[in-house]
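Protein chains in written order, with this note's numbering: chain A, 1 to 482; chain B, 483 to 742; chain C, 743 to 1034.
Where a beta carbon is used, it is the ideal one built from N, C-alpha and C, also for glycine.
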Amino acid sequence: MKGGNIDWALAPAPESTGHIQLKDRYELFIGGKFVKSKGGNYFDSIDPSTEKAIAQVTEATKADVDRAVKAARTAYDKYWKDMPGKERAKYIYRIPRMMQEKARELAVIESMDGGKVIRESRDVDVPLAAAHFFYYAGWADKLEYAFPNRRPEPLGVAAQVIPWNFPLLMAAWKIAPALACGNTVVLKPAETTSLTALKLAEIIQEADLPPGVVNIITGHGSVGAALVEHPDVNKVAFTGSTAVGRHIQKAVAGTGKKVTLELGGKAANIIFEDATIDQAVEGIVNGIYFNQGHVCCAGSRLFVQESVHDEVIRKLKHRMDSLVLGSPLDKNTDIGAINSKDQLKTIKDYIAIGKKEGAEYYAPEIALPKKGYWCAPTLFTQVAQSNRIAQEEIFGPVLATQTFRTVSEVIQKANNTPYGLSAGVWTDKGSKIFNLTSEMRAGVVWANTYNKFDPTSPFGGYKESGFGREGGLHGLSAYLKV
Amino acid sequence: MVLSMIDLTTLEGMDTEGKVKQLCYKARHLHDATKGIPHVAAVCVYPDMVAIAKNELKGSDIGVASVATAFPSGHSSLELKLDDVRLAVEAGADEVDMVISRGRFHQGDYAYVYDEIAAVKEACGKARLKVILETGELGTFDKVRRASDISIAAGADFIKTSTGKIKPAATMPVTLVMLEAIRDHWFKTGEMVGMKPAGGISNAKLALHYLIMVKETLGDQWLDKDWFRFGASSLANDVLMQIMKQRTGAYQSKDYFSID
Amino acid sequence: MERLEVLKTYKLYIGGAFPRTESGRYYTPVNGKERLGNICLASRKDLRNAVVAARKAQPGWAGRTAYNRSQILYRIAEMLETRKAQFIDELEQQGSTKAAAKKEVIASVDRLIHYAGWCDKYQQIFSSVNPVASAHFNFSVLEPTGVVYAMASDDSALLGIVSIMAPVIAGGNSLILLAPEDRPLSAITLGEVIHASDVPGGVVNVLTGKKEELIGHAADHMDINAIAYCGDSAGVKKDLEERSVGNMKRIRIYDEDWKVAKAQGPYMIQDFCEVKTTWHPIERISSAGSSY
């Protein structure tokens, strides 16, 4: 039985979907119940790997937004703000326990709705989301320890708008700290990925949280705008593009609403000649191709020390060639579907720009499925700092590579961007790590690793990547009057 | 495929002629009750059992591998270790599994380790040489990588993780490091080197994980018994049970698969 | 005829198993006229065995993620909550009124939840990055002290035990707990709950017996890192502190009313931790300062 004569392509390993419970149509979750919008408008949530609709979701109206904020305010006044922290904690603890009970269903729906690979939904998104709730639940009765010499108070009603790249995880990042700190919430998920937020609403209902403590309303950008602009909201939290973030900042200027924004990034991922190269290559791949590059902190600007450039690129291409692109629900798949038609167009446009700018293009030969939105992992080399693909956020599996020669040069280039969300440093020399990490103007710095997240670890940006931190002790102040 | 890559092994102090004969029979007849089951790649025994194994396996293309060089510790004189190799080769061994001198390695005496492997390779003649790193004693991935590079440079045909006599034996991370060393050698020279994880792989699912790792790191040409082996004993029966489950749809019992 | 009940035999809880005392001895605590049972009178050898089990289990326990420890403590609370009726019953058996028993069990569950929530947070409050005046990254973190011997308060059968157990293990230590002499039943039954909660064997060990018989052996024991004494320490404090100098044990005395809501908190976790400070150079070719 010689290996050479047999096609050792991987057999399909599809995740079963028969066990999930998905309604045909979802109403809005307001005041502890699923209620119909008076507007009566619904839109399809599409599976980007098949272009098929998997459920219908409500387009909330301005009146619905108002209803939701009122429900949140009532719940705040009536049930939540005066509830002892230890009781609040126990309510919040129920959520992750139930999420863990339904983990598989949540992971499958997340992959179907957003195009994210099932191994990621199952092994990263859902467990982290549950862990986030579990961590913050424990803070509810301990807030005075987090702020020496202060008696922190909740803010009131929080308006939260989240993106489509980590739908359930972003919902957890927003809702958990808000509740732990004694606030009530109105959350709007992204329009292309509302389903896991709605399943979370079902869990919150099952956990018997007092009605109106969490409200989830769905719809397009205008719903989000109406929500953050609502006068009876005390706090605004947004994760998404810098462009929309600017818009929101403008809209709430002067209103006294407390704001936190988590926006885009164009992170530098820096490989030194004394890095463990094979490990660094895995880090590069994880940094930009994980979640199809739909990651705000993606390592999208690769800097390789010139002396090891050829070796790194050769190994990187070899590794890219073994990545499996395909159905997000297949357990073999590494690269899933691009989230939407629009996003695919944006990515393709940038690839064209990169080619036009004269960068050297590489992508493994992959037969893309006929239906769905797909982009092969893409590598540009011979890029300079002035190329648009090295400056602008692409939000796709496209990596732009530059060389550098010295430590001070790469520090300058890494920081030479309006963004400042994250950075990666690869070297075996400890003292070099701490030099680099202390100089990176970025909110999260990974040394000899990448894309690592934990509920205890604060996440957020410098400069145009936004302000405020999510996670850890530092994530509490966004939701409190300190 | 997994079955055809297994080296059935018996390396006990209490091995006898009878034990080796029974092992060889199993090697040729994994599960006669079922059609289409291949035989294993090789059997692995101590040097003084090689002749018996050769005799039992006459007419088949199952190889006889012999451990040598004061297996498993490697603590002896170079002279005696080379005599050990010659003993095995003269008795007809197709493959020789040597152990590197871990003590010398930890002392930093890399030149000694290299020279020893080269000398053993010479003594092997036509027999293929597997170099056992004993990764469980090396401690860190850096050391595994260094030992791999030294072994490949000195002429190893295969690099192998473990003697199977201590824990930890083969693990996926350690195997990946060794596969990367082989890959980098291939990038530089175009020469293929084989790899054998030994010990700790007792079920079919884990074996499949290893094969995927080989496929992704090295490519399909390595998915062949000439370039990849499993050093495992209970793996064979687990694979047989999985094959029967796939064919019949029913979960199997160990009672239906001979131990040897 | 009325159905005959099967009586429970109370044993010790050591290393994840329920052995009898190696000494074969027993004592008979009573509640008024009611005998509570033939309770194991733990010997110094039981204590010795428990320390061995605790030491074996401690590195693995400390090596778990804080999140994992958090979930396990939460699980203990879940298990205790669902066995409320049994514990209330047992407290009544030991002299509590029903109302007081109910309060005590609920308070114990809530206290476990409180500490479950501390496991992955106390580090953030008590650690620091220190701005040293040289190019070094310098950080201080808490680490568990190791094996702790705790004598529970005499006046509480359940809450007092939970109140000392939870902070000790939340910090990654392992524990040998001596139940209150006169009301030992809940401690052993709590061992059963702990056993069902994914707590690795040896992390919590429960002995029943006489405080005075064991205290000297504990104080002398060279492989116990800290001793916690709950209650009025007037008669024993001096001797305890003197005898502990053999291996410089940390001695912690708690004379608390555990029923008070504030008788809990991260300082109790810190009480059983050490501080480790690490330095690492920051490569500065051009300047001398440190930005951390």
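- The C-beta distance from Leu421 (chain A) to Ser465 (chain A) rounds to 4 Å, short enough to fall under 8 Å.
- As DSSP reads the structure, Leu325 (chain A) sits in a beta bridge with A:Ile335.
- Where Tyr79 (chain A) is concerned, there is no enclosing beta strand (DSSP E), because DSSP gives it neither an H nor an E.
- For Thr401 (chain A), the enclosing beta strand (DSSP E) starts and ends at Val398 to Phe404.
- For Ser633 (chain B), the enclosing alpha helix (DSSP H) stretches over residues Phe623 to Ala635.
- Close to chain C, meaning a Cβ-Cβ distance shorter than 9 Å, is no residue of the stretch 31-65 of chain A at all.
- Scanning C:Leu754, C:Gly779 and C:Lys991 for the CA closest to the CA of Val748 (chain C) turns up C:Gly779.
- Contact between the stretch 268-288 of chain A and the stretch 405-424 of chain A is present, with at least three C-beta pairs closer than 8 Å.
- Contact annotation: the stretch 361-380 of chain A touches the stretch 317-325 of chain A, with at least three C-beta pairs closer than 8 Å.
- Listed in chain order, the beta strand (DSSP E) runs fully inside the stretch 404-466 of chain A are 422-426 and 444-447, counting runs of at least 3 residues.
- For Trp1021 (chain C), the enclosing beta strand (DSSP E) stretches over residues Cys1015 to Pro1023.
- If only uninterrupted alpha helix (DSSP H) runs of at least 4 residues are considered, those enclosed by the stretch 639-721 of chain B are 654-671 and 686-699.
- Cβ contact annotation for Ile855 (chain C) (same chain, cutoff 6 Å, sequence separation greater than five): Ala819, in chain order.
- One finds Gly859 and Lys863 in chain C with Cβ atoms closer than 9 Å to the Cβ of Trp139 (chain A), taken in chain order.
- About 6 Å separates the CB atoms of Thr551 (chain B) and Val581 (chain B); that is less than 8 Å, so the two are in contact.
- Using a Cβ-Cβ cut-off of 8 Å, Gly468 (chain A) is close to nothing in chain C; its nearest Cβ partner there is about 18 Å away.
- Here DSSP, grouped into helix, strand and coil, assigns Ile20 (chain A) to coil.
- The Cβ neighbour count for His511 (chain B), taken over all protein chains shown within 10 Å, is under 16; the residue is labelled exposed.
- Residues of the stretch 411-433 of chain A that bring their beta carbon within less than 8 Å of a beta carbon in chain C comprise Lys429, Gly430, Ser431 and Lys432, in sequence order.
- With respect to the 7 Å criterion, Ile217 (chain A) and Ala60 (chain A) are classified as neighbours on the basis of their beta carbons.
- By the neighbour-count definition (other C-beta atoms within 10 Å, threshold 16), Phe434 (chain A) is a buried residue.
- Taking 7 Å as the threshold, the shortest C-beta distance from Asp831 (chain C) to chain A does not fall below it.
- When the five nearest sequence neighbours on each side are left out, the beta carbons in the same chain lying within less than 7 Å of the beta carbon of Arg151 (chain A) are those of Glu144, in order along the chain.
- Rounded to the nearest whole angstrom, the CA to CA distance from Lys432 (chain A) to Val304 (chain A) is 15 Å.
- Residue pairing of Thr378 (chain A) in beta bridges, as defined by DSSP: A:Val398.
- Counting C-beta pairs with one atom in each stretch, the stretch 887-895 of chain C and the stretch 964-971 of chain C have three or more that are closer than 8 Å, which means they touch.
- The DSSP assignment places 826-835, 840-858 and 864-868 as complete runs of the alpha helix (DSSP H) inside the stretch 825-893 of chain C, in order along the chain (cut-off: 4 residues).
- Look at Ile288 (chain A) here: in three-state DSSP terms it is helix.
- The CB of Asp278 (chain A) comes closer than 7 Å to the CB of Glu662 in chain B, given here in chain order.
- Within the DSSP bridge table, the entry for Ala759 (chain C) names C:Ile756 as partners.
- Following the DSSP letters along the chain, one finds Val186 (chain A) inside the beta strand (DSSP E) bounded by residues Thr184 to Lys188.
- Here the alpha carbon of Asn234 (chain A) sits roughly 40 Å from the alpha carbon of Lys844 (chain C).
- Scanning chain A for C-beta atoms nearer than 7 Å to the C-beta of Arg1026 (chain C) yields Asn435, reported in chain order.
- Under DSSP, Pro154 (chain A) takes part in a beta bridge, and its partners are A:Leu480.
- Distance from the CA of Ser111 (chain A) to the CA of Glu120 (chain A), rounded to the nearest whole angstrom, comes to 9 Å.
- At least 7 Å separates the CB of Glu673 (chain B) from every CB of chain A.
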